[in-house]
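In what follows, a structure is listed as structure tokens, so that the remarks can point back to it.
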Amino acid sequence: MKRLLLTCTDLMAIQFLVPHVKYLSSHGFSVELACSVVGDRLGDLHRELDGIAPIHTVRLVRSPFSPANRHGYGDLKRIIDGGSYDIIWTNEPVMGVMTRLAARGARRRGTRVVYMVHGFHFYKGAPLVNWMIYYPVEKFCSRFCDMIITINEEDHRRAATFHAKRVEKIPGVGVNLDRFSPDVNTRSEWRKKLGLADDDIALLTVGELHKGKNQQTVIRAIRKINNPHIRYFLCGKGEEEANLKKLAVGCGLKKQVHFLGYRRDIAEIMCACDIFAFLSLREGLPRALMESMASGLPVVCTGIRGNVDLIEDGKGGFVVPGDAGEVADAIKKLIDSPGLRAEMGACNEKAVEIFKEENAVEAVENIMRSVKYIDE
């Protein structure tokens, strides 16, 4: 049985990687986790895994500049040196750098190190400071892993110029198509729960409320459309919530913009809605967008890395630059044409099939089985 150490934040694990841990554990791998606690989700993670995999905690924080991270490096080194792991699978920038550095001795003893990139911090259109800081660090540290896994085309092309022996691209972390799918009865029930009238058009955004997710542009676009039947639902929490609420009031949209907070019933809410708005400024391969596609929703999204891997402009929705006026035009086209909404939604249901959870977990398992042969 292969011993595998997965390193990531508690938030990454609970949101995206639990299906992978369960799948690998049931397919001949002895999995352990080493998690930094940044999202207060360690208890949820223990409950979700229910003893399947031991969880170590490491004292890392999200900021790459925090001196506290030296303690996390020490924690990782002790775990790795004492674990006799066959494979180490690491995720995220800070955890990824610290894990690769801490695993140098283990690699010399035969441990394989795999780094999964969920979206480099340097990308087309990224701030110059991101390129100055993150790019050289990631390129340098790529020599300390055997393989890099990417989840979008832009990152894949860039990682191929680094020092890792092998670079693979997989269909993201996967989306549960059994849970996310259109359902007429659920739609009717949840439109009532959300207080929607038959002639209301429900827009939805799912994600953390911060500037990078760009929910403010959706609110400004709704003001430009000036249609009292538009209802905009935001699922998520974050530092920008107060500012977004203030903006909605200032735009005269207090009764049309609804903040639902963190939700565990996203699939049902998606069934009730008509359009998915996703104007994020940086993504890897956004699962919320994939879930909306599986739910049969047409999409208005920005033309950034990750989004363009999922949505073809004019097919599954409209890919826009991010200007409030152009966003408003795209939303209005969908409001005015129920037939177009249905056509684009059906296109998305078909397109998202390749990103289903089963494909993602099998792709990761195949990589973990093949990485030992990387020099052959």
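Residue numbering for the sequence shown follows our numbering, beginning at 220 and increasing consecutively. In this text, a Cβ means the ideal position worked out from N, Cα and C, and glycines have one as well. All values reported here derive from a predicted model rather than from experimental measurement.
Bounds of any beta strand (DSSP E) do not take in Thr330, whose DSSP letter is neither H nor E. Looking at the DSSP output, Cys454 sits in a beta bridge with Val425 and Gly480. Taking the CA atoms as reference points, Ala565 sits about 33 Å from Leu243.
The segment 494-568 is shown to contain whole alpha helix (DSSP H) runs of 4 or more residues at 506-513, 526-529 and 543-555, in chain order.
Annotation for Thr436: Leu498, Gly541, Ala543 and Val546 place their beta carbon closer than 7 Å to its own, counting only its chain and skipping 5 residues before and after. In the structure shown, the three-state DSSP call for Arg278 is coil. With contacts defined as CB atoms closer than 8 Å, Cys490 and Leu422 fail to qualify as a contacting pair. Phe452 is classed as buried because its beta carbon has at least 16 other beta carbons within 10 Å across all chains shown. Here the C-alpha atom of Ile449 lies approximately 49 Å from the C-alpha atom of Leu223.
Taking the Cα of Ile488 as reference, the smallest distance to any Cα among Val539, Ile586 and Thr405 is reached at Thr405. Scanning Pro286, Val332, Ile299 and Ser285 for the CA closest to the CA of Thr276 turns up Ile299. About 6 Å separates the beta carbons of Ile370 and Ile389, which is inside the 8 Å limit, making them a contact pair. With distances taken between CA atoms, Tyr354 lies nearest to Val316 out of Arg327, Val316 and Ile494.
Cβ-Cβ distances below 7 Å link Arg482 to Cys454 and Ile488 in the same chain, with the five nearest sequence neighbours on each side left out; the list follows chain order. For Ala253, the pairing in a beta bridge is given by DSSP as Thr226 and His275.
Listed in chain order, the non-local C-beta contacts of Asp419 below 6 Å within the same chain comprise His448 and Arg450, local neighbours out to five positions each way being set aside.
Under the 10 Å beta carbon count, Gly324 is surrounded by fewer than 16 other beta carbons and is classified as exposed.
Taking a cut-off of 8 Å for Cβ pairs, the segment 578-593 and the segment 302-315 touch, as three or more such pairs fall below it.
Lys388 is bridged by DSSP to Thr369. The beta carbon of Lys384 sits closer than 8 Å to the beta carbons of Asp365, Met366, Ile593 and Asp594 from its chain, once the five residues preceding and following it are set aside; these are given in chain order. Counting of Cβ neighbours within 10 angstroms places His239 among the buried residues, the total reaching 16 or more. The continuous stretches of alpha helix (DSSP H) do not include Ile307, which lies in the beta strand (DSSP E) extending over residues Ile306 to Asn310. Secondary structure at Phe399: coil, using DSSP grouped into helix, strand and coil. Among the bridge pairs identified by DSSP, Lys575 is matched with Val394.
Within the same chain, and ignoring the five residues on either side of Asp397 in sequence, no residue has its Cβ closer than 8 Å to its Cβ. Contact between Asp374 and Gly431 is ruled out by a C-beta separation of about 17 Å, above the 8 Å threshold. With respect to Cys520, Gly536 sits close: the two C-beta atoms are nearer than 8 Å. Only exposed fits Asn445, as fewer than 16 other CB atoms lie within 10 angstroms of its CB. Residue state for Ile420 is assigned as strand, using DSSP reduced to three classes. Here the alpha carbons of Asn462 and Gln434 stand approximately 11 Å from one another. Looking at the DSSP output, Ile449 sits in a beta bridge with Ile420. If you draw a straight line from the Cα of Glu357 to the Cα of Met314, it is about 12 Å long.
Boundaries of the alpha helix (DSSP H) around Phe359: Leu347 to Cys360.
Ranking Ile233, Ile550 and Pro283 by CA distance to the CA of Gly262 puts Ile233 first.
Sequence-distant Cβ neighbours of Val250 in its own chain, meaning closer than 7 Å and more than five residues away, are Leu223, Leu225, Val240, Leu243, Ser244 and Ala272.
Membership of Lys465 in the alpha helix (DSSP H) is indicated by the continuous run Glu460 to Gly469.
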